[in-house]
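Shown next, in structure tokens, is the structure this report addresses.
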Amino acid sequence: MNEATTPRHTLRVTMSRCPNDGELAVPADTLGCRRCGNEPSHLETMTVDARGLAEAVITVNRPIGGHEAPYRFGEIRLDAGPMVRALCSPAVSAGTRVVGIELDESILFEIEEAVVDA
Ligand SMILES: [Zn+2]
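Numbering-wise, this note's numbering comes out as the position in the sequence shown, counting from 1, plus 12.
Structure below.
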């Protein structure tokens with residue numbers, strides 16, 4: 013079994029939804045709704061799969077935040093609705109179906125076919 017087929021778990025992430033305007037946020041907004049300012053205690057929170065579509069991916073050629081360059085960084089539209097910005101594996105490009113896996117207590121988006129939930 014090579015690395016590409018090693019079972020790895022799809023991460024679950026916490027999302028908030030504002031009942032006033034439907035604003036979605038991952039990670040969940042802890043300071044209140046970023047759109048209308050609704051109180052944090054009024055927001056609905058739920059846990060969703062970190063799974064979706066890479067809409068835009070860039071290669072960063074400068075080391076930032078402990079990540080060695082070059083690395084891939086993308087905007088991922090989760091199936092649950094919200095957009096997240098996160099590290100991506102080198103195989104990810106715009107239009108790729110992706111799932112998030114844990115990497116050093118953070119999240120890395122990998123191509124969907126490479127992640128087999130055990
Ligand atoms: Zn709101």
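Beta carbons are placed, not taken as given, at the ideal position from N, Cα and C, and that holds for glycine.
Here the distance from the Cβ of Glu51 to the nearest heavy atom of ligand 1 is not below 7 Å.
A distance of 8 Å or more separates the beta carbons of Ile119 and Val104. Distance from the C-beta of Glu35 to the nearest heavy atom of ligand 1 is below 7 Å. The stretch 46 to 59 and the stretch 71 to 86 do not touch, with fewer than 3 CB-CB distances between them shorter than 8 Å.
Distance from the C-beta of Cys100 to the nearest heavy atom of ligand 1 is not below 7 Å.
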